[in-house]
Structure formats: structure tokens, C-alpha cells
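For the protein sequence lines, the chains are A and U, in the order given. Take the first sequence: its letters are residues 14 to 288, numbered as in my numbering. Take the second sequence: its letters are residues 194 to 501, numbered as in my numbering. We put the CB at the ideal spot given by N, CA and C, even for glycine.
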Amino acid sequence: MKNTSVAELKNIAKDLRKKAVTMIYEAQSGHPGGSLSAADFVTACYFREMNVDPKNPKWEDRDRFVLSKGHVCPIQYAALGTLGYFPEEELHTLRQEGSHLQGHPNMKCPGIDIATGSLGQGLACAVGMALAGKRDGKKYRVFSAVGDGECQEGEIWEACQTAYKYQLDNLIVFVDNNNLQIDGTTDEVMPNIDLGDKFAAFGFDVYRIDGNDMQQIVDTFERIKMRHNGKPKCIFAQTVKGKGVSYMENVGSWHGVAPNKEEYEQAMKELEEGF
Amino acid sequence: MKKIATRQGFGEEIVALGKEDNGIYVVDVDIGKSCKTTDFAKQLPNQHVNVGIAEQNAAGVAAGLATCGKTPFVVTYAVFGSLRMCEMIRQEIAYTNLNVKIACSHGGLTPANDGASHQAIEDMGVLRTIPNMTVIMPADYVAAKKLVRAAATTYGPMFLRFTRDNIPVIYDEDVVLEIGKAHQIQDGKDVAIIANGDTVCLAIEAAKKLAEEGLSARVLDMHTIKPLDVEAVKACVNDIGKIVTVEDHNILNGLGSAVCEVVAEMGAGKVKRIGVQDQFGESAPYERLMAKNGITIENIVAQAKALQ
Ligand SMILES: Cc1ncc(C[n+]2csc(CCOP(=O)(O)OP(=O)(O)O)c2C)c(N)n1
Ligand SMILES: [Mg+2]
Numbered sequence: 014m015k016n017t018s019v020a021e022l023k024n025i026a027k028d029l030r031k032k033a034v035t036m037i038y039e040a041q042s043g044h045p046g047g048s049l050s051a052a053d054f055v056t057a058c059y060f061r062e063m064n065v066d067p068k069n070p071k072w073e074d075r076d077r078f079v080l081s082k083g084h085v086c087p088i089q090y091a092a093l094g095t096l097g098y099f100p101e102e103e104l105h106t107l108r109q110e111g112s113h114l115q116g117h118p119n120m121k122c123p124g125i126d127i128a129t130g131s132l133g134q135g136l137a138c139a140v141g142m143a144l145a146g147k148r149d150g151k152k153y154r155v156f157s158a159v160g161d162g163e164c165q166e167g168e169i170w171e172a173c174q175t176a177y178k179y180q181l182d183n184l185i186v187f188v189d190n191n192n193l194q195i196d197g198t199t200d201e202v203m204p205n206i207d208l209g210d211k212f213a214a215f216g217f218d219v220y221r222i223d224g225n226d227m228q229q230i231v232d233t234f235e236r237i238k239m240r241h242n243g244k245p246k247c248i249f250a251q252t253v254k255g256k257g258v259s260y261m262e263n264v265g266s267w268h269g270v271a272p273n274k275e276e277y278e279q280a281m282k283e284l285e286e287g288f
Numbered sequence: 194m195k196k197i198a199t200r201q202g203f204g205e206e207i208v209a210l211g212k213e214d215n216g217i218y219v220v221d222v223d224i225g226k227s228c229k230t231t232d233f234a235k236q237l238p239n240q241h242v243n244v245g246i247a248e249q250n251a252a253g254v255a256a257g258l259a260t261c262g263k264t265p266f267v268v269t270y271a272v273f274g275s276l277r278m279c280e281m282i283r284q285e286i287a288y289t290n291l292n293v294k295i296a297c298s299h300g301g302l303t304p305a306n307d308g309a310s311h312q313a314i315e316d317m318g319v320l321r322t323i324p325n326m327t328v329i330m331p332a333d334y335v336a337a338k339k340l341v342r343a344a345a346t347t348y349g350p351m352f353l354r355f356t357r358d359n360i361p362v363i364y365d366e367d368v369v370l371e372i373g374k375a376h377q378i379q380d381g382k383d384v385a386i387i388a389n390g391d392t393v394c395l396a397i398e399a400a401k402k403l404a405e406e407g408l409s410a411r412v413l414d415m416h417t418i419k420p421l422d423v424e425a426v427k428a429c430v431n432d433i434g435k436i437v438t439v440e441d442h443n444i445l446n447g448l449g450s451a452v453c454e455v456v457a458e459m460g461a462g463k464v465k466r467i468g469v470q471d472q473f474g475e476s477a478p479y480e481r482l483m484a485k486n487g488i489t490i491e492n493i494v495a496q497a498k499a500l501q
């Protein structure tokens, strides 16, 4: 845990966004939209809230981070590389043969607590980690990011049941509610109605925020810290898919496509100036 | 040589089939765009369902539709269409012997960039062990269209596997392919190469190389690994006695294993299996992943020679 200011965090988020888009551009493959919508949460976790040691990624008492929506790993890799979990140059090897930075997170990459990429499964693993922490009397917490489309998987709700039953108030689930998935908007493909209400009905404390507003994320973390009431936490965050790159914002087709040279240069410019 | 992904062939043929028969349904799980069902969804909205990212539910919904006389195609990636939905397929589709087709893109190592999480190397083997299932992988774009049509018009639960990436078009439009029957591409007397899916084009090239070295190969496209064309395998044993199998799948329980089962029971004949070496893939170019597992023209040639 660090006392990084909101202003500093915003700068870091800008840097991570640029790195993630650069990685995807260089690999000409990967998922920019959801990387950008989750960028602020990932930044706040790694650069302020989480108790981690990049030099000792397997430290038993560390906070865990489970990117259940594993396709947006470039943004997590950017955070890990910047913090020195592995040499920052490796950020140029996304999706290359032999790289730690696989198309979807795997355990060989320092700082990855569990392999993900098949949607719906990460949250259950996060629950297992949080449960072990409780049983072992550890102070660590588990942070997990899930997609709004991903919440259509039944296993998400099976995991929620377990989190409630075992009173996992050390589990913090960030729902990246960008209202887009692959085949269209979430409302078109499969209406989620109100995921905040659903998590509340499953026994979570729900915090409704703008998930691209760093101040709100930090404030929410402060509120969560005050509540040891046996209930798992859900940050139900309205976000913008593609946040920070005008032509990607709220455009579904930028889910899993890499920018070309021109688009990349524009993205870098906008990210630099916009924040 | 022209190259087209076989998922494209599926996407085109399913529209034609849907127009001919309004009982043909597509059940999508939010990857219609990459599995090529967007045209179907647009043109035949009344025969289209998108259940969201919920594969297990899709299997059940398809089973329900099938009990009401529909012919649903559940469309997803091969990893999810075999393993994620596995027990639902077993219980609600295969045990019930319903007319549901699981049509999957991203077969084998073809989703190369995405890494191991998305590369289906166990799917055909797992599905093969479920009673009533038919398991098919077409060898090119043309074969995909033909076999999708055959699947739609033949009763029973079936798993069809397509490539994500482009592969060579090897067949003319008038090729005849029948579910459960090996397709002989050429005859030969020194070795039989039995392949399927994206490795058939490698088998053809290997046969050419062998011919240059004075060895003639029989090349079979074993697009259906279940029911296996046992007679075709027996003929290879009886006529030639030396078989190389090639597949973009784990060497365990796929085409090579199916062929070996027949050969072992005959107590005659020798087999070399080429396929994924019981190891997970990674993010890398498709050709590199194939090479790392010895799924190459050179290795087919080498194994064929080793049998001589
Ligand atoms: C089990 C499973 N089904 C399908 C996919 C393919 N897929 C990758 S991303 C995605 C859409 C995800 O949407 P959402 O969860 O809203 O993520 P975001 O919008 O944050 O990118 C899908 C369907 C997958 N990775 N795993
Ligand atoms: Mg989304």
C-alpha cells in the first residue's frame, strides 16, 4: 500500500494506457477496448491500494489480483512491467513466441496469480484465494476485475454465492460496466438489467462509481477499508470501453483489433494530451 | 494457392441452409463475429438466438430447441464447444441423442496468437469418447461447406471443427464428401498418410516430396474421426501395412489414436503418429507452433521413410 496521490495515479494511468496500446500495436493483435476501460482500476490497485512486492511476486502475504476478463492483460502487463516484476523491455514481446506475455495471462509471467482467458472462471479462483486468506488468518486481500459481458457466465454467480457464504470481505470485485461485448452492446446481446442490483442480491456491498474517475476509485477504496462486516465488496463501475482514444471510445469493433500506424500515432497523441 | 479459413465456409453455408430450412437455428454465444454467423443473424433473425457469454446455457437451450424439432447449430470456439460445455453435451445432447450440431471455429493451434487458453488440442478426443457423437474436421473451405451441409441433413449430435486462420483450398467445388467415409486424395503403395483438417494440405505436399524420392503414398482425408471409416484403415493395413497419421490435435485420443485402435486389433501394420506432443501451445505464429510439434511436411516425409 502506498500513499500515491490522485494526480500521480492519473499520470501513471496515462502511461499504462500508452504502454498497453503500444504493446497491442506492436503485436498487431490483442484487445485495446477493455484494456482502456479497466486502466484506472488496475492503476489504482497496483500503484496505491495493493500490498505487493514486485521483487517477490510469490510473497505469501501479498494482495492478489485476478484479471478474470483475461483478454485485457496488456493493461496488467503494463502495470507489472512498470513496477519491475520483469524487465520493462519485455513489454515489447506481447504475444511473441517464448514471451512471458502470452495472449492471455499465464502463470509463467511474474505477478500473474492465476491463468485466465476463458471468461467466467477467474472470479471463482479469486474466491478460493480469499477463502484461504480467511482460513489462514492472513490480512491480504484479493482484487478481481470482471467484464459486464463476462457476468453472463453462470460460474460468476456460483463464485458470488461462495463469497457470501464464507463472508469474504477481503474480496473486492470490480465490475467493468462498459456496456459492450463482442457481438454488440450488452443490452443487445444479453441484457444484464442492473449488475449492481444483482451483486447486492447475492449479498455484496455494492459501490456505484464512475470507474474512469481516479478520485472516485480511491475514495471507494477508502470506504471499503472501513467496512469489515463479513460481506464481499463489489465496485460497480460505469466505464467507457476504449477510454482515452476518441475513435475507440464506445466503439464495439475496437474490442479485439490492433490499430494501424496512423491510428496508433493518433492514439498516442490523444492519450498524451487528454489526461 | 488460394487460402481461406474454414470458419468462412461454415458461415456461408449455414446461411444457405437456413434459407432452405427454417428449422435450422444458430445459437450464438457473443462470438458470432469471429465465428462468421453475422450474416445468418442479419438475414434469418427468426432462426437466430444469441444467449450471451454463456456456453453451458447455449448447449441446454439448443437441446431444448432440438426436442421441438429444430436443428440448432451452437457456434463457439472449439475449446468452449468441447470442454466448457462438455457435460451438458454429454447429458442433454448425446445421451438424449438430439439433433444438435456444435460448430466450432478456432480448432487446434489455429488461434495461434491467442495462446494456449484458446487453442483446442483435446476437443476431438474428448468428444470422441461420448457415445452418439459424430466428430468432424473439414480439410478446407470447400470441404467445410460440404460437410456442414451433410451435418445439417444427417440426424444426430455432431461436433464440427473449423480453422480460425486461412488454410489452402485443396478441393474443387464438385468434390463428394460423406460423413464417416474417408476421402482418398491419391492412391499409393509404399505408405498411407491419413490426415484431417488443416494437416491434409501438408499430407498432399509430403506425398509429392515422397514421389520425388521414389515412394508412392496413399493420402486419405479422414475428416470424420467418429464414426471412423474402419474399412478404409483396414484397407491401408492390408494393402500397404505402413501408416502415418497427421492431425492438428493432441496425439492422444484423436485421429492417430483412433487409427491405432483399429491397427492394434488387427495385429498387423505399423503406425507413426504426428500431432501435438501432449503439450500446451503458446502465443506464436501458427507455422511455428506446428513445427514445434513436428506437424510439418518434412516430418511426414521422415516418418514415412522411417517406416520403409
Ligand atoms: C468462455 C469464453 N467465451 C468466449 C470468449 C471470447 N470472448 C473474449 S472477450 C469476449 C467479450 C467480453 O466482454 P466483456 O466481459 O464485457 O469484456 P470487455 O468489454 O471489458 O472487453 C468474449 C465473448 C472467451 N474468452 N471465453
Ligand atoms: Mg464489456
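Distance cut-off 7 Å: residue i Cβ against heavy atoms of ligand 2
i: THR199 of chain A; result: yes
i: GLY47 of chain A; result: yes
i: ASP189 of chain A; result: yes
i: LYS254 of chain A; result: yes
i: GLY160 of chain A; result: yes
Cα-Cα separation, residue i to residue j
i: GLN174 of chain A; j: ALA198 of chain U; result: 41 Å
i: ALA410 of chain U; j: GLU475 of chain U; result: 33 Å
i: VAL220 of chain U; j: ARG200 of chain U; result: 15 Å
i: GLN249 of chain U; j: MET278 of chain U; result: 5 Å
i: LYS294 of chain U; j: CYS164 of chain A; result: 26 Å
i: GLU201 of chain A; j: GLY265 of chain A; result: 12 Å
i: ALA399 of chain U; j: ILE490 of chain U; result: 5 Å
i: PHE212 of chain A; j: HIS84 of chain A; result: 23 Å
i: VAL328 of chain U; j: MET317 of chain U; result: 6 Å
i: SER81 of chain A; j: LEU132 of chain A; result: 7 Å
i: ILE12 of chain A; j: ILE224 of chain U; result: The question about residue 12 of chain A has no answer, for chain A in this structure spans 14 to 288.
i: ALA309 of chain U; j: PRO118 of chain A; result: 10 Å
i: GLY211 of chain U; j: GLY245 of chain U; result: 21 Å
Residue i beta carbon near ligand 1 (any heavy atom closer than 7 Å)
i: GLN194 of chain A; result: yes
i: GLY130 of chain A; result: yes
i: ARG277 of chain U; result: yes
i: VAL85 of chain A; result: yes
i: GLY133 of chain A; result: yes
i: ASP53 of chain A; result: no
i: ASP232 of chain A; result: no
i: LYS229 of chain U; result: no
i: GLU458 of chain U; result: no
i: PHE50 of chain A; result: Checking the sequence, you will find Ser at residue 50 of chain A rather than Phe. SER50 of chain A Cβ: within cutoff of ligand 1.
Coarse secondary structure for residue i, derived from DSSP in three states
i: HIS241 of chain U; result: strand
i: LEU144 of chain A; result: helix
i: ALA410 of chain U; result: strand
i: MET278 of chain U; result: coil
i: PRO265 of chain U; result: strand
i: ASP189 of chain A; result: strand
i: THR35 of chain A; result: helix
i: GLU398 of chain U; result: helix
i: HIS84 of chain A; result: helix
i: THR252 of chain A; result: coil
i: GLU475 of chain U; result: coil
i: ASP66 of chain A; result: coil
i: ARG221 of chain A; result: strand
i: CYS122 of chain A; result: coil
i: GLU440 of chain U; result: strand
i: MET203 of chain A; result: coil
With 16 other Cβ atoms within 10 Å as the buried cut-off, status of residue i
i: HIS44 of chain A; result: buried
i: GLY150 of chain A; result: exposed
i: VAL369 of chain U; result: exposed
i: ASP367 of chain U; result: exposed
i: MET194 of chain U; result: exposed
i: GLN228 of chain A; result: exposed
i: LYS254 of chain A; result: buried
i: GLN41 of chain A; result: exposed
i: ALA345 of chain U; result: buried
i: ALA388 of chain U; result: buried
CB-CB length for residue i against residue j, believed under 8 Å
i: TYR153 of chain A; j: ARG77 of chain A; result: 7 Å
i: ILE217 of chain U; j: THR264 of chain U; result: 5 Å
i: LYS229 of chain U; j: GLY253 of chain U; result: The pair is not a contact, with the Cβ atoms about 24 Å apart (cut-off 8 Å).
i: ASP189 of chain A; j: ALA51 of chain A; result: 5 Å
i: ARG354 of chain U; j: GLY300 of chain U; result: 4 Å
i: TYR277 of chain A; j: TYR38 of chain A; result: 4 Å
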